[in-house]
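Student: UniProt numbering numbers the first residue of the sequence shown as 1 and each following residue consecutively. Even for Gly, the Cβ is constructed at its ideal location relative to N, Cα and C.
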Amino acid sequence: MGHISKVRLDKKIGLSVSGIVSVLMMSACSTTQKTTQSPKAAIEQLLQSEAVSRSLDRQEYDFVSIPKGSKVTLTTTGLSKDSAFIGEIVGGWLGKQGYILANPKNAQYRVNVVVKSLGTEYGETFFGIPPISGTLLPISVPELSVYKSRNQIGYANFYLDIFELPSGRFAHSTPPYWTETFYNDYTLLFLFTFNKTDLIRVPNLRSFKRIIK
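1. Name the residue from Phe192, Ser117, Ile100, Gly91 whose alpha carbon lies nearest to the alpha carbon of Glu180.
2. Taking Ala51 as part of the beta strand (DSSP E), name the residues at either end of that continuous run.
3. Near Lys68, which residues of its chain fall below 8 Å by C-beta distance, leaving aside the five closest residues on each side in sequence?
4. Count the CB pairs spanning the segment 184 to 198 and the segment 163 to 172 that are closer than 8 Å, and state whether there are at least three.
5. Are at least three pairs of beta-carbons, each pair with one atom in the segment 102 to 109 and one in the segment 136 to 150, less than 8 Å apart?
6. Helix or strand or just coil, what does DSSP make of Gly119?
7. Please classify Ile139: does DSSP put it in a helix, a strand, or coil?
8. On the CB-based measure, 16 or more other CB atoms within 10 Å of its CB, does Ser65 come out buried or exposed?
9. Enumerate in chain order the residues of its own chain whose CB-to-CB distance from Ala42 is below 7 Å, with the five nearest sequence positions on each side excluded.
10. Once the 5 residues before and after Gly128 are set aside, which same chain residues still bring their CB inside 6 Å of it?
11. Where do the N-terminal and C-terminal ends of the alpha helix (DSSP H) with Lys96 fall, by residue?
12. At the level of alpha carbons, what is the spacing between Gly154 and Asp198?
13. Quick check: the Cα distance between Thr73 and Asn112, rounded to an integer number of angstroms?
14. Less than 7 Å between C-beta atoms, sequence neighbours within five positions excluded: which residues of the same chain meet that for Glu164?
15. Whose C-beta lies closer than 7 Å to the C-beta of Tyr159 among residues of the same chain, with five residues either side of it excluded?
16. What are the boundary residues of the beta strand (DSSP E) that Tyr183 is part of?
17. If you draw a straight line from the alpha carbon of Phe182 to that of Asn195, how long is it in whole angstroms?
18. Helix, strand or coil for Leu199 per DSSP?
Shown next as structure tokens:
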């Protein structure tokens with residue numbers, strides 16, 4: 001009896017090992033990286049907007065060497081079509097710092113926002129069995145993720161050039177304002193999903209409250 005039990009145990013172990021090896025042979029591991037997706041989803045918009053806001057809030061130096069209460073006009077320069085958005089945020093921030101936004105004829109200084117970079121990056125790491133279509137088999141197998149991570153970062157990098165008006169004489173250039181934000185989504189062992197982010201509030205497609213309504 002002891003010999004028979006040992007044989008059965010060996011068979012079970014052998015089958016288990018064979019199953020694991022089969023899964024590993026069928027599995028795939030990949031890492032991909034993509035640029036900004038378009039049109040932008042809500043999370044991408046939050047990644048960019050909060051990167052801009054935090055880069056202003058976290059600066060550790062005096063803004064400009066011009067007196068508070070000065071009248072300023074604002075221009076924005078950048079390669080991205082979203083650069084104008086930074087100008088709007090900087091304009092509001094200038095008002096909070098005590099500067100007065102005015103038209104170019106009445107302004108004492110021109111603040112030129114030079115946008116070096118604004119956008120998001122997307123990367124994906126996958127280990128598991130990729131989806132199998134029904135071309136070779138009569139059935140289709142969905143993706144089975146042992147581990148999958150989808151990582152997005154928002155990045156903003158810009159600086160400000162200050163010019164005196166009406167002379168146009170260069171007055172000051174600030175160090176770069178820059179920061180990153182992130183949103184990561186994970187899947188473990190086919191079923192368990194969770195996310196990690198430094199954004200304050202993000203859309204939650206898996207909200208339990210929404211399910212029970």
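Tutor: By the coordinates alone:
1. Residue Ser117 is the option with its Cα nearest to Glu180.
2. Membership of Ala51 in any beta strand (DSSP E) is not indicated; the residue belongs instead to the alpha helix (DSSP H) covering 42 to 57.
3. Exclusion of the five residues before and after Lys68 leaves Gln97, Gly98, Tyr99 as the residues of its chain whose Cβ lies within less than 8 Å of its Cβ.
4. Remark: fewer than three beta-carbon pairs, one from each stretch, lie closer than 8 Å, so the segment 184 to 198 and the segment 163 to 172 are not flagged as touching.
5. Judged by Cβ distances under 8 Å, the segment 102 to 109 makes no contact with the segment 136 to 150, as fewer than three pairs qualify.
6. Strand at Gly119.
7. Here Ile139 carries a coil assignment [DSSP, helix/strand/coil].
8. By the Cβ-count criterion, Ser65 is exposed, with fewer than 16 other Cβ atoms from all chains shown falling within 10 Å of its own Cβ.
9. Pro203, listed in sequence order.
10. Apart from the 5 residues on each side of it in sequence, Gly128 sits with its Cβ closer than 6 Å to the Cβ of Ser27, Leu144, Ser145, Val146 in its chain, given in chain order.
11. Its alpha helix (DSSP H) spans residues 83 to 96.
12. Computed Cα separation, rounded: 11 Å.
13. If I take the Cα positions, the gap works out to 8 Å.
14. Answer for Glu164: Tyr109, Ala171, listed in chain order.
15. Close CB contacts of Tyr159 within its chain, under the 7 Å cut and outside five residues either way in sequence, are with Val114, Ser173, Thr174, Pro175, Pro176, Tyr177 (chain order).
16. Per DSSP, the continuous beta strand (DSSP E) segment holding Tyr183 begins and ends at 177 to 188.
17. Answer to the nearest angstrom: the Cα atoms are 11 Å apart.
18. The three-state secondary structure of Leu199, taken from DSSP, is coil.
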